[in-house]
Amino acid sequence: MLDKVHKLISEVKDFKTTSKDEIEAFRIKYLGSKGLLKGLFAEFKNVDAELRKDFGQALNKLKNSAEDKVSELSKLISNSAETKSNYGDLTRPAEPIELGARHPISIVKNQIIDVFSRIGFNISEGPEIEDDWHNFTALNLPEYHPARDMQDTFFVEKSSQVEKDMLLRTHTSSVQIRYMENNKPPIRTISPGRVFRNEDISARSHCIFHQVEGLYIDTDVSFADLKQTLIYFTKEMFGKSKIRLRPSYFPFTEPSAEVDIYWGLKTETDYKITKGTGWLEIMGCGMVDPNVLKNTNIDSEKYSGFAFGMGIERIAMLLYQIPDIRMLFENDIRFLEQFKSVI
Ligand code: PHE
Numbered sequence: 535m536l537d538k539v540h541k542l543i544s545e546v547k548d549f550k551t552t553s554k555d556e557i558e559a560f561r562i563k564y565l566g567s568k569g570l571l572k573g574l575f576a577e578f579k580n581v582d583a584e585l586r587k588d589f590g591q592a593l594n595k596l597k598n599s600a601e602d603k604v605s606e607l608s609k610l611i612s613n614s615a616e617t618k619s620n621y622g623d624l625t626r627p628a629e630p631i632e633l634g635a636r637h638p639i640s641i642v643k644n645q646i647i648d649v650f651s652r653i654g655f656n657i658s659e660g661p662e663i664e665d666d667w668h669n670f671t672a673l674n675l676p677e678y679h680p681a682r683d684m685q686d687t688f689f690v691e692k693s694s695q696v697e698k699d700m701l702l703r704t705h706t707s708s709v710q711i712r713y714m715e716n717n718k719p720p721i722r723t724i725s726p727g728r729v730f731r732n733e734d735i736s737a738r739s740h741c742i743f744h745q746v747e748g749l750y751i752d753t754d755v756s757f758a759d760l761k762q763t764l765i766y767f768t769k770e771m772f773g774k775s776k777i778r779l780r781p782s783y784f785p786f787t788e789p790s791a792e793v794d795i796y797w798g799l800k801t802e803t804d805y806k807i808t809k810g811t812g813w814l815e816i817m818g819c820g821m822v823d824p825n826v827l828k829n830t831n832i833d834s835e836k837y838s839g840f841a842f843g844m845g846i847e848r849i850a851m852l853l854y855q856i857p858d859i860r861m862l863f864e865n866d867i868r869f870l871e872q873f874k875s876v877i
């Protein structure tokens with residue numbers, strides 16, 4: 535009898551399978567309600583008294599090893615099932631990580647910053663919600679100045695209850711004022727930022743767009759310095775330096791000019807963007823009006839300077855042949871994905 539139990543113990547030890555059904559059959563055979571152990575325990579009373587102790591111990595050993603075997607084998611197959619279903623083939627190369635792309639506005643903005651930082655300009659920023667003083671009055675546009683109508687303004691608060699009119703800045707020239715209020719000449723700064731105008735949206739213009747403002751204040755700054763800076767910029771930025779300066783008017787600069795770059799008419803987009811002329815206006819500029827210097831407590835007898843402001847969208851449209859400005863604001867992934875290769 536004892537031999538039989540010992541034989542069963544070694545059988546249990548040697549049992550191996552990876553099949554769920556076979557494990558279950560094994561369990562029923564040994565541990566089931568009509569299983570071998572049940573029968574052996576029932577025979578306990580027939581065993582001679584002096585053998586009972588050994589028999590009992592052997593039976594317990596058999597029971598424990600059968601139980602251990604079942605749990606050990608079940609664990610093994612559940613592990614391998616998990617490996618298959620959850621992790622697949624662990625040696626397979628990983629899925630490539632999807633890379634994002636910079637927005638064309640950011641790409642062009644960074645390029646402009648790069649070009650100017652090479653000649654000593656730093657970067658300054660100001661708030662998008664601005665007060666009347668910084669956006670208009672300090673820029674030589676007092677109340678009721680007709681040139682205020684040049685830029686249709688979104689007012690945030692326009693009432694007698696608030697001390698100052700608050701508005702969405704219509705240009706980055708407001709940052710010039712903030713910078714001059716807080717810094718002494720020599721000043722060389724560029725201010726990129728988002729601006730807002732209450733204009734109809736079309737393929738060529740939008741009510742939200744981006745500008746980069748430039749400001750240079752020092753002793754003996756002349757219009758020639760401005761022109762040379764513009765030529766340097768267009769050469770670095772576009773690889774071409776054919777520009778023309780058209781006399782213009784801005785209340786904060788005197789004299790003032792608009793800068794056109796000759797782009798050419800190679801593609802249909804060139805025609806669209808330049809209205810068929812090959813020339814594209816890229817910025818406004820001029821010598822800082824002495825009144826503006828006075829408004830910011832800079833000695834206008836001692837210092838002079840120039841300023842310019844350009845639209846980033848136009849330049850991006852030209853460089854990347856984007857026929858409609860609205861594409862820059864729609865966040866269509868099919869459009870944005872195309873800029874992956876540009877840093
Ligand atoms: N602020 C002007 C605009 O938005 C551009 C400009 C900036 C012109 C600086 C002259 C000097 O149109």
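If you count the sequence shown from 1, you need to add 534 to reach the working numbering. Heads up, the beta-carbon is just placed ideally off N, CA and C, and yes, glycines get one too.
- Start-to-end residues for the beta strand (DSSP E) that takes in G566: What you label residue 566 is simply residue 32 of the sequence shown in a count that begins at 1. Counted as a single uninterrupted DSSP element, the stretch harbouring G566 is not any beta strand (DSSP E), since DSSP gives it neither H nor E.
- Query: Tell me the DSSP bridge mates of L542?
  - Reply: Position 8 of the sequence shown, counting from 1, holds the residue named residue 542. For L542, no pairing in a beta bridge is given by DSSP.
- Exposed unless 16 or more other CB atoms sit within 10 angstroms - verdict on N580: As a working note, residue 580 is residue 46 in the sequence shown. Answer is exposed; the Cβ neighbour count stays below 16.
- Query: In terms of alpha-carbon separation, which member of I657, F784, T768 lies closest to I721?
  - Reply: The residue given as residue 721 occupies position 187 in the sequence shown. Of the candidates I657, F784, T768, I657 places its Cα closest to the Cα of I721.
- Item | Coarse secondary structure for P726, derived from DSSP in three states | Taking the sequence shown and counting its residues from 1, one reaches residue 726 at position 192. Correct three-state label for P726: strand.
- Task: Please name the residue, chosen from L827, D804, N865, G812, that lies closest to E753 on a Cα-to-Cα basis.
- Result: Position 219 of the sequence shown holds residue 753. Residue 753 is actually Thr in this sequence, not Glu. Selected option, being the one with the closest Cα: L827.
- Which of helix, strand or coil DSSP assigns to S612: For the purposes of this step, residue 612 is identified with residue 78 of the sequence shown, where counting begins at 1. Helix, per DSSP.
- Message: Let me confirm a value: T768 is counted as buried when at least 16 other C-beta atoms fall within 10 Å, else exposed. Which label applies?
- Response: Taking the sequence shown and counting its residues from 1, one reaches residue 768 at position 234. T768 should be labelled buried.
- Item | Reduced DSSP category for F784 - H, G, I as helix; E, B as strand; rest coil | For the purposes of this step, residue 784 is taken as residue 250 along the sequence shown, with counting starting at 1. Shown here, F784 sits in a strand according to DSSP, grouped into three states.
- Query: Taking buried to mean at least 16 other C-beta atoms within 10 Å of its own C-beta, is H540 buried or exposed?
  - Reply: In the sequence shown, the residue the question calls residue 540 occupies position 6. Exposed, because fewer than 16 other Cβ atoms sit within 10 Å of the Cβ of H540.
- Run through DSSP, which three-state label would R778 get? Counted from its first residue, the sequence shown places residue 778 at position 244. In this structure, R778 counts as strand in the three-state DSSP scheme.
- Message: Out of F549, H705, A850, which one is the CA nearest neighbour of G818?
- Response: Looking up residue 818 in the sequence shown gives position 284. Measuring from the Cα of G818, the nearest candidate turns out to be H705.
- Query: Going by the C-beta, is H679 closer than 7 Å to any heavy atom of the ligand PHE?
  - Reply: Start at 1 with the first residue of the sequence shown, and residue 679 comes out as number 145. Not one heavy atom of the ligand PHE lies closer than 7 Å to the C-beta of H679.
- Query: Of the residues R626, T723, L585, which one's Cα is nearest the Cα of I653?
  - Reply: By one-based count along the sequence shown, residue 653 stands at place 119. If we check each option's Cα against that of I653, T723 comes out closest.
- Message: With three or more C-beta pairs closer than 8 Å as the rule, is the region 587-600 touching the region 621-635?
- Response: Segments in contact, no.
- Query: Between G818 and the ligand PHE, is the CB less than 7 Å from at least one heavy atom?
  - Reply: The residue labelled residue 818 in the question sits at position 284 within the sequence shown. Taking 7 Å as the cut-off, the C-beta of G818 counts as close to a heavy atom of the ligand PHE.
- Beta carbon of I846 nearer than 8 Å to that of Q762: The count along the sequence shown starts at 1 and reaches residue 846 at position 312. The count along the sequence shown starts at 1 and reaches residue 762 at position 228. Not a contact, by the Cβ cut-off of 8 Å.
- Message: Considering only their Cβ atoms, is the gap separating N829 from A672 smaller than 8 Å?
- Response: Taking the sequence shown and counting its residues from 1, the one referred to as residue 672 is at position 138. Taking the sequence shown and counting its residues from 1, the one referred to as residue 829 is at position 295. Their beta carbons are under 8 Å apart, which means A672 touches N829 by this criterion.
- Task: Taking only the alpha-carbon atoms, compute the straight-line gap between V755 and E871 and give it to the nearest angstrom.
- Result: Position 221 of the sequence shown, counted from the first residue, corresponds to residue 755. Position 337 of the sequence shown, counted from the first residue, corresponds to residue 871. Rounded to whole angstroms, V755 to E871 spans 44 Å at the Cα level.
- Check each candidate in R738, L760, I742 and name the one with the smallest Cα separation from G748. Reading the sequence shown from its first residue, position 214 is the one you call residue 748. For the residues R738, L760, I742, the minimum Cα distance to G748 belongs to L760.
- Query: Hey, is E747 close to the ligand PHE, as in C-beta under 7 Å from one of its heavy atoms?
  - Reply: By one-based count along the sequence shown, residue 747 stands at place 213. Yes, the beta carbon of E747 sits closer than 7 Å to at least one heavy atom of the ligand PHE.
- Is it a yes or a no for the region 672-686 touching the region 634-649, going by three-plus beta-carbon pairs under 8 Å? The region 672-686 makes no contact with the region 634-649; the number of CB pairs closer than 8 Å stays below 3.
- Query: Between which two residues does the alpha helix (DSSP H) containing H744 stretch?
  - Reply: For the purposes of this step, residue 744 is taken as the residue at position 210 of the sequence shown. The continuous stretches of alpha helix (DSSP H) do not include H744, which lies in the beta strand (DSSP E) extending over residues 742-752.
- Query: How many angstroms separate the CA atom of M844 from the CA atom of F869?
  - Reply: Here residue 844 refers to the residue found at position 310 when the sequence shown is read from its first residue. Here residue 869 refers to the residue found at position 335 when the sequence shown is read from its first residue. Going from the Cα of M844 to the Cα of F869 covers about 24 Å.
- If you follow the beta strand (DSSP E) that E802 is part of, which residue opens it and which one closes it? The residue given as residue 802 occupies position 268 in the sequence shown. Unbroken run through E802 is the alpha helix (DSSP H), 802-807; no beta strand (DSSP E).
- Query: With respect to 7 Å, is the separation between the Cβ of T723 and the closest non-hydrogen atom of the ligand PHE below this value?
  - Reply: Walking along the sequence shown from the start, residue 723 turns up at place 189. Taking the Cβ of T723 as the reference point, every heavy atom of the ligand PHE lies at 7 Å or farther away.
- Does the Cβ of P680 have 16 or more other Cβ atoms within 10 Å, making it buried, or fewer, making it exposed? Here residue 680 refers to the residue found at position 146 when the sequence shown is read from its first residue. Answer is exposed; the Cβ neighbour count stays below 16.
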